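As structure tokens, the structure follows; a few thoughts come after it.
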Amino acid sequence: MSEGTTLVNEEVVVEGELNKYMTFLCDGDYYGFGISHVTEITAMQPITEVPETEHFIKGLINLRGKIIPVIDVRARLGKDLAEYNDRTCIIVATVGEEMIGLIVDEIAEVVSLAPKDIVDPPSTDLGSQNNRFLSGIGKVGSQVKLLLDLNNLLYYGYYE
Amino acid sequence: MSDNNITEGMLDMFLFESEQMLEQMEEVTLLCEKQNDFDSDSVNEMFRFMHTIKGSSGIMMLNNIMTVSHRLEDIFGYMRENEVENLPVTELIGYIFEGFDFISGELEKIKSGGEADGDETQLVEDLENFYEKLKRIKDGLEEEPEVPEPVESMEAEQPKVKEPATVDGQAPAFELVNIGEGSKFFLIRIQYRKETEMANLKAYSAVFELQNIAIDMRYEPATITEDEGTSATIIEKGFWIAIHTINSEGEVMSLVDHSAGVSHIDILELTPSEFTECMNSADLQVPTLHFDRDVMEGMVQEEEHKEMKADEIEKKPKSKKAAAKGQTPKAKPVGNANAAKNGKPAATGASHQSFISVNVEKMDMLMDLIGELVIAESVVLQNQDLKVPGLDLTNFNQQAAQMTKLTSELQEAIMSIRMMPLTNVFQKMNRVVYDMTKKLDKDIDLEIIGEGTEVDKNIIEHISDPLMHMIRNAADHGIETREEREQAGKPAKGTITLEAKNEGGKVWIIVKDDGKGLSRKGILKKAREKGLIEKGMEKDYTGKDVYSMITLPGFSTNTEVTEFSGRGVGMDVVMRNIQSIGGSLDIDSDEGFGSTMTLKIPLTLAIIDGIILAVGSSNYVVATEDVKEFVGIKKEQLIVEPDGSEFIMLRGECYPVLRLKKYYNLGFGHDDIEEGIVTLLEYEERFIAVFVDELIGEQEIVVKPIPNYIKKVKGLSGCTQLGDGSISLILDTGSLINS
Numbered sequence: 001m002s003e004g005t006t007l008v009n010e011e012v013v014v015e016g017e018l019n020k021y022m023t024f025l026c027d028g029d030y031y032g033f034g035i036s037h038v039t040e041i042t043a044m045q046p047i048t049e050v051p052e053t054e055h056f057i058k059g060l061i062n063l064r065g066k067i068i069p070v071i072d073v074r075a076r077l078g079k080d081l082a083e084y085n086d087r088t089c090i091i092v093a094t095v096g097e098e099m100i101g102l103i104v105d106e107i108a109e110v111v112s113l114a115p116k117d118i119v120d121p122p123s124t125d126l127g128s129q130n131n132r133f134l135s136g137i138g139k140v141g142s143q144v145k146l147l148l149d150l151n152n153l154l155y156y157g158y159y160e
Numbered sequence: 001m002s003d004n005n006i007t008e009g010m011l012d013m014f015l016f017e018s019e020q021m022l023e024q025m026e027e028v029t030l031l032c033e034k035q036n037d038f039d040s041d042s043v044n045e046m047f048r049f050m051h052t053i054k055g056s057s058g059i060m061m062l063n064n065i066m067t068v069s070h071r072l073e074d075i076f077g078y079m080r081e082n083e084v085e086n087l088p089v090t091e092l093i094g095y096i097f098e099g100f101d102f103i104s105g106e107l108e109k110i111k112s113g114g115e116a117d118g119d120e121t122q123l124v125e126d127l128e129n130f131y132e133k134l135k136r137i138k139d140g141l142e143e144e145p146e147v148p149e150p151v152e153s154m155e156a157e158q159p160k161v162k163e164p165a166t167v168d169g170q171a172p173a174f175e176l177v178n179i180g181e182g183s184k185f186f187l188i189r190i191q192y193r194k195e196t197e198m199a200n201l202k203a204y205s206a207v208f209e210l211q212n213i214a215i216d217m218r219y220e221p222a223t224i225t226e227d228e229g230t231s232a233t234i235i236e237k238g239f240w241i242a243i244h245t246i247n248s249e250g251e252v253m254s255l256v257d258h259s260a261g262v263s264h265i266d267i268l269e270l271t272p273s274e275f276t277e278c279m280n281s282a283d284l285q286v287p288t289l290h291f292d293r294d295v296m297e298g299m300v301q302e303e304e305h306k307e308m309k310a311d312e313i314e315k316k317p318k319s320k321k322a323a324a325k326g327q328t329p330k331a332k333p334v335g336n337a338n339a340a341k342n343g344k345p346a347a348t349g350a351s352h353q354s355f356i357s358v359n360v361e362k363m364d365m366l367m368d369l370i371g372e373l374v375i376a377e378s379v380v381l382q383n384q385d386l387k388v389p390g391l392d393l394t395n396f397n398q399q400a401a402q403m404t405k406l407t408s409e410l411q412e413a414i415m416s417i418r419m420m421p422l423t424n425v426f427q428k429m430n431r432v433v434y435d436m437t438k439k440l441d442k443d444i445d446l447e448i449i450g451e452g453t454e455v456d457k458n459i460i461e462h463i464s465d466p467l468m469h470m471i472r473n474a475a476d477h478g479i480e481t482r483e484e485r486e487q488a489g490k491p492a493k494g495t496i497t498l499e500a501k502n503e504g505g506k507v508w509i510i511v512k513d514d515g516k517g518l519s520r521k522g523i524l525k526k527a528r529e530k531g532l533i534e535k536g537m538e539k540d541y542t543g544k545d546v547y548s549m550i551t552l553p554g555f556s557t558n559t560e561v562t563e564f565s566g567r568g569v570g571m572d573v574v575m576r577n578i579q580s581i582g583g584s585l586d587i588d589s590d591e592g593f594g595s596t597m598t599l600k601i602p603l604t605l606a607i608i609d610g611i612i613l614a615v616g617s618s619n620y621v622v623a624t625e626d627v628k629e630f631v632g633i634k635k636e637q638l639i640v641e642p643d644g645s646e647f648i649m650l651r652g653e654c655y656p657v658l659r660l661k662k663y664y665n666l667g668f669g670h671d672d673i674e675e676g677i678v679t680l681l682e683y684e685e686r687f688i689a690v691f692v693d694e695l696i697g698e699q700e701i702v703v704k705p706i707p708n709y710i711k712k713v714k715g716l717s718g719c720t721q722l723g724d725g726s727i728s729l730i731l732d733t734g735s736l737i738n739s
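Protein sequence lines, in the order shown, are assigned to chains A and B. Each residue of the first sequence is one higher than the one before, counting from 1 in my numbering. Each residue of the second sequence is one higher than the one before, counting from 1 in my numbering.
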């Protein structure tokens, strides 16, 4: 596949219906993305490093015979790296035609959000640079879930 | 919905078959172009192909494709029936290619999920005009007598035998008014096979076809578009059509006969009064008229006309001939339809290899499985449990050897399934060169050698574009105009040679031209202009390095931008495409005499013997065949240059050293040359000594591409899983040496 130009499965938001999001913890905040992208969730496993790659690309893992790349979400979001522990997981996400593993601190629950519960993220000039990775901010009760735009998370600034 | 699956399957099949047919037609056309004539076999082939495409695109409701192919079919149909002397071959070919391009353009749109919305009006008009032109050309000369209609000759010989027909009691509702000089009348009965579904729709497509040429027409059952029940009636009694037209029987037959499911078609030519009778009868049937088939089944003597009983009337010889004619055309198209269904190219009669088309995903799955089998076998045979001392493994080893032999053969067989000859790709280049010669007004011959060389299917898909680009370059920039060539003492006709061969475990594809070659000066100048090299450094760049510069992004020594090239975008894209399949490009040139581009690609991206090396906790695999030797090096043997580059002396030879730790900026690994081991690798007679920590072992490995998400890393050509499940990166000897 050529450099990151294919893809973009936009979240299909059906008016008036609830959409489900897989959420997880990253540096104390809850993040999430459409559950349709989730292929599987697996425990942390040995990662084979690949030299000369971006800092947030940790390397490759062997997923039952299939070799897939993994990225560290903390690193991607510009946060300090943390030590992996037994709660650290890899969420295997399918974006377009690619399967990519996302290393997250801890898995949280699947939440349902109606479009009315989601607001646009603040623009990047005001907020942090990370806002470019967000597709929206969802509210569940008093909790805030930062909804990720997977395409941007994976490709922004990496592929043009 | 299962409906959707069926339609998708049909669409895929349609796209696949149509593309195949277009490719074959292009080949036939180019052949005719070379011989500057359309022989009757070719005309027949083209007619059949266009006929099929017309039919299937009609069913797929792709009207623009259908109309274009219909017009082309008309043209070939005309050529089939008439000898046209002084055929304007080049003009015809121009239109044919326009038609092909239009159709394949529309097919591409559909393939990428779009609509076939191309406007065919102009093209159709052009084709219609050409058709008229053909007729005028033919009429303008002394014509051969037209193939006599059986009707006329027979009528001259024998009296008609006919009993008075019974007509409905009512007054005739139909009157024949539009009868003219060329009027012909036919009664047609189409019979479909018992299991045919939606016979009413198939019958309708026949009606649809005939509408264009019908002056008067009637069919039974009449309610085929509204009433599904008519399907059963049609199967039981056949579908009847009575038609008044000026077209010949052959033309009528060919229009009617293009649906699958047809068992046979009978056609009977009628007199005007018989036609009127049919049109007025309840179900188009008149007792006195019988089709040949029915009569023959009724055991009637064929030779003579005899008075028979009312219900077994002797066939008029003309109808016999008509019926006989009715049978032959049917056979071929049905055969074609079947062949097409099986994914075979419509039989040209020459080769009888049978093929089946297989979904590529299934093939990939098969490849993956055999790869995993190979690894699993390795793991089993190297299991620690077997290493218990004192174990007598003689029988085990024997049987293990047998198993290994079988898996090897299985592996080879599966890999060979994916191997395809380069023929198709190469043949496509004929068209490319043809277009270039026309547009650039140059004389260029394309010589193809070794097209039977086989490569993995994956690779074939990635080669087509780069090859096309290289050939365009050769034609556009390489080969000079006729005048320039003659001035240079070369033959006016330029030659581009496209060759494929197996060489040293790889496939080489060579594009060679006898044009003006690459100018070192020009390239170096451009490189200086672009700041790629510094002034005065030109001497440092030797022969082939200079030529390779043309593959740098934005590089083009052309002062003009032509339609095809010159923007400097091409060669670097070509390089990337080639690299993505693990290949390399070698450029050589002789200024004034021509250039040679050699594309070297691995045989398959599959299973190779590998040696595993380790640096720290990272494993790297290198192809066993690239390894010349392993050496432990003493400090004294290491030579360090002032600029930091290192070499070792081995038996009087000097080899450059590459420290993997340094090359990849690894945070671990030995620094002391005496603590690790040097692996001497060879690639195309060049060497490199790679310094690593240790040698782990040897294993058959399955080469897998590094996932696309990760951008290309220098020196790596893929990754693999080792016996213990861990992942190892695969080193690319060639690029290590080149760096």
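From the three backbone atoms N, C-alpha and C, an ideal C-beta is built for every residue, glycine too. Bear in mind that the values here come from a model prediction, so they are computed numbers and not experimental data.
Within chain B, no C-beta atom comes nearer than 9 Å to that of I90(A); the closest sits roughly 14 Å away. At a C-beta separation below 7 Å, V144(A) has no neighbours in chain B, since its nearest C-beta there lies roughly 29 Å away. Selection I710(B), E499(B), L681(B) evaluated against H55(A) yields I710(B) as nearest (Cα-Cα).
When CB distances to chain A are screened at a threshold of 8 Å, the residues of the region 702-713 of chain B falling below it are K704, I706, P707, N708, Y709, I710, K711, V713, in chain order.
G34(A) is classed as buried because its beta carbon has at least 16 other beta carbons within 10 Å across all chains shown. Excluding sequence positions up to five before and after G452(B), its CB lies within less than 6 Å of the CB of P421, all in the same chain and listed in chain order. Contacts with chain B at 8 Å (Cβ-Cβ) include G65(A). For V703(B), there is no enclosing beta strand (DSSP E), as DSSP marks it with neither H nor E.
Residue environment for E17(B): buried (at least 16 other C-beta atoms within 10 angstroms of its C-beta).
A Cβ of chain B is located within less than 8 Å of the beta carbon of I100(A). CA-CA distance, E132(B) to D445(B), rounds to 33 Å. By the neighbour-count criterion, in which a residue is buried when 16 or more other Cβ atoms sit within 10 angstroms of its Cβ, S112(A) is exposed. Using a Cβ distance threshold of 8 Å, K184(B) and T245(B) count as a contacting pair.
Along the length of the region 620-653 of chain B, whole beta strand (DSSP E) runs at least 3 residues long occupy 627-631, 638-640, 646-650, reported in chain order.
Chain-order list of chain B residues neighbouring L60(A): I706, P707, I710, C719, I727, L729, by C-beta distance under 9 Å. In the displayed model, T225(B) falls within coil according to three-state DSSP, outside both helix and strand. Taking L373(B) as the centre and dropping the five residues before and after it, the same chain places the C-beta of T407 closer than 7 Å to its C-beta, in chain order. Assignment of P46(A) by DSSP, reduced to helix, strand and coil, places it in the coil class. In the displayed model, K20(A) falls within a strand according to three-state DSSP. Here A689(B) is bridged, per DSSP, to V657(B), L680(B). Apart from sequence neighbours up to five positions away, the residues of its chain that approach E19(B) with a beta-carbon distance below 8 Å are S104, L107, ordered along the chain. For the beta strand (DSSP E) assignment, the uninterrupted runs of no fewer than 3 residues enclosed by the region 433-466 of chain B are, from N- to C-terminal side, 444-449, 454-456. One alpha carbon belongs to M549(B), the other to K512(B), and they sit about 18 Å apart.
Where H290(B) is concerned, there is no enclosing beta strand (DSSP E), because DSSP gives it neither an H nor an E. The three-state secondary structure of N63(B), taken from DSSP, is helix. Taken through DSSP and simplified to helix, strand or coil, V574(B) comes out as helix. Under the 10 Å beta carbon count, R136(B) is surrounded by fewer than 16 other beta carbons and is classified as exposed.
A distance below 8 Å between beta-carbons, with the five flanking residues on each side excluded, links E106(A) to the following residues of its chain, in chain order: F24, L25, R87, T88, C89. Counting only residues of its own chain and dropping the five nearest sequence neighbours on each side, K501(B) has a CB closer than 7 Å to the CB of G450, T453, W508. Interface criterion met: the Cβ of E372(B) is under 8 Å from a Cβ in chain A. In summary, the residues of the region 659-670 of chain B whose CB is separated from some CB of chain A by less than 7 Å are Y664, N665, L666, in the order they occur in the chain. For the pair L210(B) and L11(B), the Cα-to-Cα distance works out to about 25 Å.
The beta carbon of P122(A) is closer than 8 Å to those of N131 in its chain, skipping five residues each way along the sequence.
For T42(A), the closest of A93(A), P115(A), L146(A) by C-alpha to C-alpha distance is A93(A). The alpha carbon of S142(A) has as its nearest neighbour, out of G78(A), Y30(A), Y84(A), the alpha carbon of Y30(A). In the DSSP assignment, no residue is bridged to K526(B).
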